[in-house]
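Taking my numbering, I'd label the letters of the first sequence as residues 156 to 1258.
Quick reminder that beta carbons are idealized off the backbone N, C-alpha and C, glycines included.
In this text, all values refer to a predicted model and were calculated from it rather than measured experimentally.
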Amino acid sequence: MKYRENKNLNLAQVGVDMLSHWKQNNIFEATLKNREGHEAYTFYEGPPSANGTPGIHHVISRAVKDIFCRYKTLKGYKVERKGGWDTHGLPVELQVEKQLGITKEDIGKKISVEQYNQKCREAVMQFKGEWDDLTEKMGYWVDLDDPYITFDRKYMETLWYLLKKFYDKGLLYKGYTIQPYSPAAGTGLSSHELNQPGAYRDVKDTSLVAQFKIKGTENDYFLAWTTTPWTLPANNSLAVGEHINYVKIKTFNPYTFIPVQVILAKDRVASFFDGKAENLSFDEYKQSDKLIPWTIVAEYKGTDLVGMEYEQLLPYVALPAPAFTVLAGDFVSTEDGTGIVHLAMTFGADDHRVSVKNNVPGVLVKDENGNDVPIVDKQGRFVKEITDFAGMYVKNYTGEDENDPNYKPTDVLIAIKLKEDNKAFKVEKYVHSYPHCWRTDKPVLYYPMDSWFIKATAYKDKLVAFNKTINWKPESTGSGRFGNWLENLVDWNLSRSRFWGTPLPIWRTDDGKEEICIGSIAELKEEVAKAIEAGYMQEQIPDDFDLHRPYVDNIFLVSPSGEKMLREPDLVDVWFDSGSMPYAQWHYPFENEEVFKKKYPADFIAEGVDQTRGWFFTLHTIAVMLFDSVAFKNVIANGLVLDKDGNKMSKRLGNAIDPFKTIAEHGPDATRWYMISNSNPWDNLKFDVNGIIEAQRRFFGTLQNTYSFFALYANLDNFDWQEDPSNYYTQTESDRWIISKLNSLIAQVDSAYDEYEPTRAARAIQNFVIDDLSNWYVRLNRKRFWKGELNADKKTAYKSLHTCLVTVAQLASPIAPFYMDKLYLDLTLEDKKGSKSIHLTDFPKSDTALVDKDLEQQMDLAQNISSLVHSLRKQHKLKVRQPLSRILIPVLDAKTKTQIQAVEDIILNEVNIKSIEYVDNTSGIIVKKAKPNFRKLGQQYGQMMKELSQQIGKLDQKAIAGFETSGALELEVKGQKITLGPDDLMIQSEDIPGWTVATEGGITVALDIHISEELQREGIARDLVNRIQNLRKELGLEVQDKIKVVVDDANSIVTESIQHNRDYICVETQALQLEVVNGVENYKEIEIDNIVVKLNVAVVKPN
RNA sequence: GGGCCUGUAGCUCAGGUGGUUAGAGCGCUACACUGAUAAUGUAGAGGUCCGUGGUUCGAGUCCACGCAGGCCCA
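Take a look at the structure:
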């Protein structure tokens, strides 16, 4: 039996090797089989889209997912994880458009919808191979063979089922939203299209400050500014800022010279009124005067104005109350305009939102079918009801020459009319940035577009309440970001006017009076059968009917009254696709009802924080509204991956990290370990490759070294870890200590994982391996491993170290699955139980009986004291090789003394000191210091603390001694007597007069720096050993080679040293002979404390 | 403009419920060790805890207002 000895650690190679081991032995499948019949832990995979290559940020979010699935598997749960792909939506469509060199308009013309969607279907899985490759190489265990795919017809059928459920509950309705619209192109524009470079450009428009007459006044007006005068006939209300200050100003209208009083924001007065004209005489004013007098006559808060009514500015279309009132708007600012905003519900998103909120009707007219339509038609012309401007284009959509002196834009004509009617206060040209249609170059209008909504607002309270039961990591994302989003919920706009997506399963008659929502393919067939009977359809749809466009669009149904019904042309939001995955991945309710019920809701999901409004929201909303449940119980919202300077990674800037390259160079484990241990997943990660290298060197390197050390000697001794398992840890102090530490670690790591704190787990493991196991346990116990036969003590040492290594591997395996599996297999050599992988084992259990906090404290003391002695040695330039006789440690209580005594050997060994002497309280030579117990005294004495602590600091030795014997002390602070009890002061030793001391954390150490002749001889002997060892190494000798040493007798002190320490030197250097002679042949010169020694080292050949 | 997060040593990060020398690793400097050796150990230098106010006997920690960076949404 041999433990594998690996010289060089190559984590990248380990990743490759273990991956093939897993594949060959079907380990992933085995981990599931291993937990057959166990309780399920449900994880939902948020589907990525494979139309682009994966980035390094995908590695961290998938590492997080993987960690908890592996952890729960070790804990005994059955953790199936079905993969998935998000396949519909705009990004794919845009990619295909680009690839084919077409635009949205060409679809259905240059290319059929059928062909186009076929292209999308191909494009969306373009990089599936790379994704699968990364998934494997990074060690993300997820079922890639049977993923859910959102374009699958079964998947889509579930979506229809869900949509119908919404519909039946009355939660799916048709309304409209204000969206960018290009009258010239006759199409709505997505925000994506508006964000195209060049879409926004500076234009010179007619801006206008209109006077809105306040109801019931003679000549009082609100002033509101607009850069789109054509929207004024649609004005339905005004908005003010509640916290903005307003003033009423008495002045004259500059066009009609009629006396008026106008209201506007105080901050904006200077922009409209000349300071020189303030308080000029109104009586002396003549129409030809340049300066128009004005004066402030009243001040208001925004809240004072809210609710005031005014007269309609351009009364073409009458509106019922509460139209034409002042509303509060959170978007109102005093950066420009008048601080009062004109609202036209039909032509602005804010306008629409505020109007709906306040139940203010918009300005609408009836079309020929009796439907409500806005006052501008889809071509961009005023409707006939706007008599003065009927048929006029609100912007230049007909290509008129704007440089023609006779050209008058509609905005100007409106301005002229308002001026004449004493309704305009200021008209001027204004340059601003305005969006343009990228196809036609013509200005965009914000226009009401038909849309289907899910009435999420109706379930707001429930959505909020259920959210509070979800465990969010970090908590703030749940209560803040997500919670606030729910608090300010608006209805979910489902409609998308695109081609590649799930079609809305609603058919309607032309007049919109009859409609049907289809919830399954079977139902569609039934309806088609009726339609065939009614003569609207020729034949039944096939069994493998594709639910995509254009096929669904070619289906006509018949209404109960016999009318023909057409499908509503919209697709549903792709977020509905992914939010439906808990149901659709199982084709619920058409199949797998039992499976679905077992795996709902999810115990755990994890995605980027940018999904808050995306997947997290849609999962939650569908679950709460339709299933009266949360969709997930625990969620980690991880942060972004930035470059090492904190900048966003982008392919354009060239600072993006290639995940394949990173894993190939540094291995998956170091990459994962770095990402998890460096910072919490929910904090942004500043990705620095040097961090991976450090993790590799420091953590994996140390662990591997520790293993190599074990393997080297265990193999020499033929140690079998499966033998003699009894009582191994009880023998030696340091064994009991490391096993105690190990069991503390297990508990710590277990709870960290359990609380979804992977970073805490990683750091705890790392500290144990580096500080406790390698730097302390192994270092202190080295000799036990190499000295002598394989006796009981040696076995316990092996056993302890082996246990630590195996356990660490198990604890760390969720984070570093490849290396830890290899380490485990190397350690257990595919043990008798036949375990082929660490991932098939059970998570270690912390045995509290083995945890000895007292012992852990003792070892802390040993480390502290050693550190203090090292520090003292350094101060006096006394190297550790030079033995010293003693240290003094003042001990004020018996417990400390016992604790130090327990680890005395360790300390003496570590710092090369002969003995520890304890100076107890009765010796009278310790200088002590008293410190107030701030926590206790502070609460009691409050304001007197400052002086009290000063007095305590000044206490002399006598006073402290008195306090120690009586347990009480009286002080006088500010004339008040204070009696201090035993717990009020902390007494520490501080100094021993005449000694050099070092103090830390209440422990004081004094070092005897006197070097006797004997000590000096011993020191020299040690140096000699050191030098001889070096020479052995230079000669290239093996550990077991014996030597003969001859030393020149030129220095009496060296000679004496050899005489006194002959045995020691011989044992340490494996010397069979050690001679001191006069005149050495073939000598080498070495130097010990400036003494030059001549000696010769030669191999003694075995006989 | 709103919501949320972050700001502690040159770099990456720790610092329950406020309590008196603010910690670790890396890097740097020096030393030691040489039977884990392309390893290892120890020590040292290095801090206006982003700023300004406030609460308190006492603030890195609590509150307010800012500043800088990031994300999401307008």
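On the DSSP bridge assignment, give the partners of residue i in chain order.
i	result
Trp177	DSSP, once it has assigned bridges, lists no residue as partnering Trp177.
Gly343	Tyr336
Gln366	Leu378
Pro470	None, per the DSSP bridge assignment.
Phe759	Phe198, Asn789
Glu454	Val402
Gln1228	Lys1199
Tyr979	Tyr979 pairs with nothing; no bridge assigned.
Tyr548	Arg536
His497	Leu393
Arg1041	Ser1070
Gln1143	Lys1084
His587	Val358
Go through its chain and collect everything with a Cβ distance to residue i's Cβ below 6 Å, but skip five positions before and after it.
i	result
Ile671	Trp662
Phe923	Leu900
Asp605	Tyr331
Asp360	Thr382, Tyr585
Leu679	Ile673
Leu299	Gly238, Asp287
Excluding the 5 residues flanking residue i on each side, which residues of the same chain have their C-beta closer than 7 Å to its C-beta?
i	result
Gln250	Asn206, Ala278
Asp221	Gly294, Tyr295, Trp296
Ser735	Thr313, Leu314, Leu317, Ile777
Leu468	Ala365, Phe367, Leu387, Asn390, Lys578
Lys445	none
For my contact list, residue i and residue j are in at a C-beta cut-off of 8 Å; report their separation, rounded to the angstrom.
i	j	result
Gly231	Arg190	7 Å
Asn400	Ala425	Rounded, the Cβ-Cβ distance is 14 Å, inconsistent with contact.
Lys1084	Gln1012	Actually they are not in contact, since the Cβ atoms of Lys1084 and Gln1012 sit about 22 Å apart, beyond 8 Å.
Glu466	Lys370	6 Å
Val415	Tyr376	6 Å
Lys233	Ala195	5 Å
Arg1260	Ala866	The first residue shown for the chain is 156 and the last is 1258, placing residue 1260 beyond what the model contains.
Asp459	Gly484	Between Gly484 and Asp459 the Cβ distance is about 15 Å, and since that is not below 8 Å, they are no contact.
Ala917	Ser832	4 Å
Ser929	Asn860	7 Å
Asp798	Phe864	At roughly 38 Å, the Cβ-Cβ gap does not stay under 8 Å, so Asp798 and Phe864 are not in contact.
Suppose the cutoff is 8 Å on Cβ atoms and the five residues either side in sequence are ignored; what does the same chain contact list for residue i look like?
i	result
Arg356	Ser588, Tyr589, His591
Thr1224	Val1180, Ile1183, Gln1184, Arg1187, Ile1198, Val1200
Phe282	Ala205, Asn206, Gly207, Thr208, Pro209
Leu1041	Here residue 1041 turns out to be Arg, not Leu, going by the sequence shown. Once the five neighbours on either side are set aside, the close Cβ partners of Arg1041 are Ile1068, Lys1069, Ser1070, Ile1071, Glu1072, Asp1163.
**Prompt:** Where are the beta strand (DSSP E) runs, 3 residues long or more, that stay fully inside the region 264–324, in chain order?
**Reply:** 298–304
**Prompt:** Unbroken beta strand (DSSP E) runs of length 3 or more, entirely within the region 632–715: which are they?
**Reply:** 661–664, 670–672
**Message:** Please give me, in chain order, every unbroken run of the beta strand (DSSP E) with length at least 3 that falls completely inside the region 589–624.
**Reply:** 600–609
**At least three beta-carbon pairs within less than 8 Å, the region 1147–1162 to the region 1199–1217** = no
**Request:** Note down, one range per segment and in chain order, each beta strand (DSSP E) of at least 3 residues found wholly within the region 388–427.
**Result:** 392–395, 400–407, 414–420
**Message:** Contact between the region 315–331 and the region 195–209 is defined here as three or more beta-carbon pairs at a separation below 8 Å; is this criterion met?
**Reply:** no
**Message:** Restricting to runs no shorter than 4 residues, where is the alpha helix (DSSP H) found entirely within the region 1045–1133?
**Reply:** 1049–1057, 1059–1066, 1089–1096, 1100–1108, 1112–1121
**Prompt:** Counting pairs of beta carbons, one from the region 389–403 and one from the region 505–524, are three or more of them closer than 8 Å?
**Reply:** yes
**Prompt:** Between the region 753–760 and the region 788–796, do three or more beta carbon pairs fall short of 8 Å?
**Reply:** yes
**Message:** Pairs of beta-carbons, one from the region 675–690 and one from the region 323–343, closer than 8 Å: are there three or more?
**Reply:** no
**Message:** Please give the ranges of any alpha helix (DSSP H) in the region 944–1022, keeping only runs that are unbroken, at least 4 residues long and fully inside the region.
**Reply:** 947–967, 972–983
**Message:** With a threshold of 8 Å, are at least 3 pairs of Cβ atoms found where one atom belongs to the region 885–898 and the other to the region 946–961?
**Reply:** yes
**Request:** Evaluate the contact criterion for the region 721–729 versus the region 640–652: three or more CB pairs, one atom per stretch, below 8 Å.
**Result:** yes
**Request:** Report yes or no: do three or more beta-carbon pairs, one from the region 616–631 and one from the region 537–551, lie closer than 8 Å?
**Result:** no
**Asked** Are the region 1094–1111 and the region 1061–1072 touching by the rule of at least three beta carbon pairs closer than 8 Å?
**Response** no
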